[in-house]
Each structure stands twice: as C-alpha cells, then as structure tokens.
Amino acid sequence: MRALTGVWRWRHNPLRRATDRREAWVALVTLVLLVVAAPVLGWYCGSRTDHVLQESVRAQQADRRLTTAVVVRGVADRHLVSDPEVSTDRMGQTTVVARWHARDGTARSATVTTASRDTATGAQVRIWTDLAGNPALRPMDAPTAHTHAALAGFGAAMLSVLLIEGGRRLIVWRMVQRRYERLDRAWAKAGPDWGRTGTGS
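Here the sequence shown stands for residues 0 to 200, where the numbers follow numbering that gives the first Met the number 0.
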C-alpha cells in the first residue's frame with residue numbers, strides 16, 4: 000500500500016524528482032511480485048516436487064514388500080532409531096540379525112531393522128525386502144511425500160521473496176548512488192562561485 004500511495008503522491012507534486020517516481024514504481028513492481036510471483040513459484044515448485052515424490056512412492060511400494068523373518072540375535076550396539084521417511088511409523092526401528100526366505104525359497108540372513116516390538120531371539124518380525132529378497136529400506140509413504148513437497152514449495156517461495164527484496168534494495172541503492180553522483184557534479188560545478196555577488200551563480 001505504501002508503494003501505491005507513493006506513486007500517487009508524487010504524480011503531481013511540484014517537488015517531485017524523476018528518481019522519486021522511479022523508486023515508487025520499483026516499490027510497486029516489487030509488491031506485485033511478492034504478492035503474485037512468489038506464491039505462484041512456491042505452488043509450482045511444491046506441485047512438481049509432489050508429483051515426482053508420488054511417483055517415487057509408487058515405485059518403491061511396487062519394488063518392496065513386507066517379509067516375515069526370525070530374529071537370530073540382537074546386535075552389539077542394539078538401539079532404537081527413528082524412521083524420518085515414514086510419517087506413520089512413530090515407534091522407531093530396532094536393529095537385529097534375522098533370517099528369512101526369499102520368494103524363490105533361498106534362505107537369507109543379514110542385519111536388518113524392524114518396527115516390531117518383540118525382537119527377542121526366535122521372535123518373528125516384519126522386515127522390508129526387495130523383489131529379490133534382499134533387505135531394503137522401508138518405502139516412503141504418501142503423507143511423507145506430501146510433507147516434503149510442501150516444505151519444498153515453502154522454501155522456494157521464501158527464496159523468491161528474498162531474491163525479489165534483495166533486487167529491489169540493490170536497484171534503489173544504485174538509484175540513490177546515481178543521485179548523489181549527479182548532486183556532487185552539480186555542486187562541484189557551482190561550488191566555487193556559491194554565494195558570491197556578481198558571479199552569475
């Protein structure tokens with residue numbers, strides 16, 4: 000609003016300088032970009048990111064499956080780790096050594112993580128494997144993908160706001176510098192005769 004009133008205020012003001020009008024128009028253009036361009040850019044970036052992430056979610060869910068494994072033993076540094084990629088899993092993951100059978104019937108054994116609560120030796124736990132039966136990370140779920148996309152869109156919008164405002168400040172700074180340069184040149188030209196009677200200044 001200050002930009003709009005600035006443009007209108009200087010339109011018919013006798014003290015108006017050309018630089019004042021240009022600064023007001025720069026402020027107005029900046030306001031339009033902040034109100035329109037930044038949200039549009041954020042929405043576009045978020046929607047494109049969401050589209051890509053949802054494709055990744057579908058691909059991961061198609062390539063991975065839950066498999067029942069039997070706990071062989073715990074690991075020396077057994078601990079709970081959180082799963083930041085899955086919003087529905089708040090219990091965390093426990094690391095154990097387990098064995099299971101792949102689709103082709105071959106036995107597999109490895110150190111894996113599981114969300115199962117009972118991880119005592121001999122307990123059955125659910126782990127994620129790929130189609131070949133090898134251990135795999137849990138696939139990302141759709142809500143987590145939406146969250147990442149929203150954060151990406153918000154970040155893009157904030158970055159565009161910073162760039163727009165930085166561009167405005169740079170332009171105004173340059174305009175002020177040019178104004179001072181013109182003032183210095185005018186003062187250097189009129190300065191030696193300033194205030195002297197009969198010098199024609």
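Using N, Cα and C, we set each Cβ at its ideal position, and we do this for glycine too.
Within 10 Å of its beta-carbon, does residue i have 16 or more other beta-carbons around it, so buried, or fewer, so exposed?
{"i": "GLY104", "result": "exposed"}
{"i": "TRP42", "result": "exposed"}
{"i": "ASP49", "result": "buried"}
{"i": "THR120", "result": "exposed"}
{"i": "ALA151", "result": "buried"}
{"i": "GLN59", "result": "buried"}
{"i": "ALA217", "result": "As displayed, the chain neither begins before 0 nor continues past 200, which places residue 217 out of reach and without an answer."}
{"i": "SER159", "result": "buried"}
{"i": "ALA156", "result": "buried"}
{"i": "VAL31", "result": "exposed"}
{"i": "VAL35", "result": "exposed"}
Could you work out which residue in the options is closest to residue i when comparing CA atoms only?
{"i": "VAL69", "options": "LEU33, VAL175, ILE126 and ALA156", "result": "ILE126"}
{"i": "THR66", "options": "VAL175, ALA135, LEU150 and ARG181", "result": "ALA135"}
{"i": "ARG63", "options": "PRO138, THR112 and ALA36", "result": "PRO138"}
Between which two residues does the alpha helix (DSSP H) harbouring residue i extend?
{"i": "THR143", "result": "141-189"}
Note down, in chain order, each residue of its chain lying with its Cβ closer than 7 Å to the Cβ of residue i, except the 5 sequence neighbours on either side.
{"i": "GLN53", "result": "ALA141 and ALA144"}
{"i": "VAL175", "result": "none"}
{"i": "LEU110", "result": "Before going on, a small fix: residue 110 reads as Thr here, not Leu. VAL74, THR94 and VAL96."}
{"i": "VAL171", "result": "GLU22 and VAL25"}
{"i": "ALA106", "result": "ARG98 and HIS100"}
{"i": "GLY166", "result": "none"}
Using a Cβ-Cβ cut-off of 8 Å (strictly less than) and excluding sequence neighbours within five positions of residue i, which residues of its own chain qualify?
{"i": "TRP202", "result": "Outside the displayed span of the chain (0 to 200) sits residue 202, for which this structure offers no information."}
{"i": "PHE153", "result": "GLY41 and GLY45"}
{"i": "ALA122", "result": "VAL69, VAL70 and SER115"}
Along the chain, where does the beta strand (DSSP E) containing residue i start, and where does it finish?
{"i": "VAL71", "result": "63-73"}
Let me check you understand the geometry: is the CB of residue i closer than 7 Å to at least one non-hydrogen atom of the ligand NAP?
{"i": "MET139", "result": "With respect to small molecules bound, the structure shown includes none, and the ligand NAP cannot be examined in it."}
* Within the segment 101-145, ranges of the beta strand (DSSP E) (whole runs, at least 3 residues) -> The segment 101-145 is shown to contain whole beta strand (DSSP E) runs of 3 or more residues at 106-113 and 123-129, in chain order.
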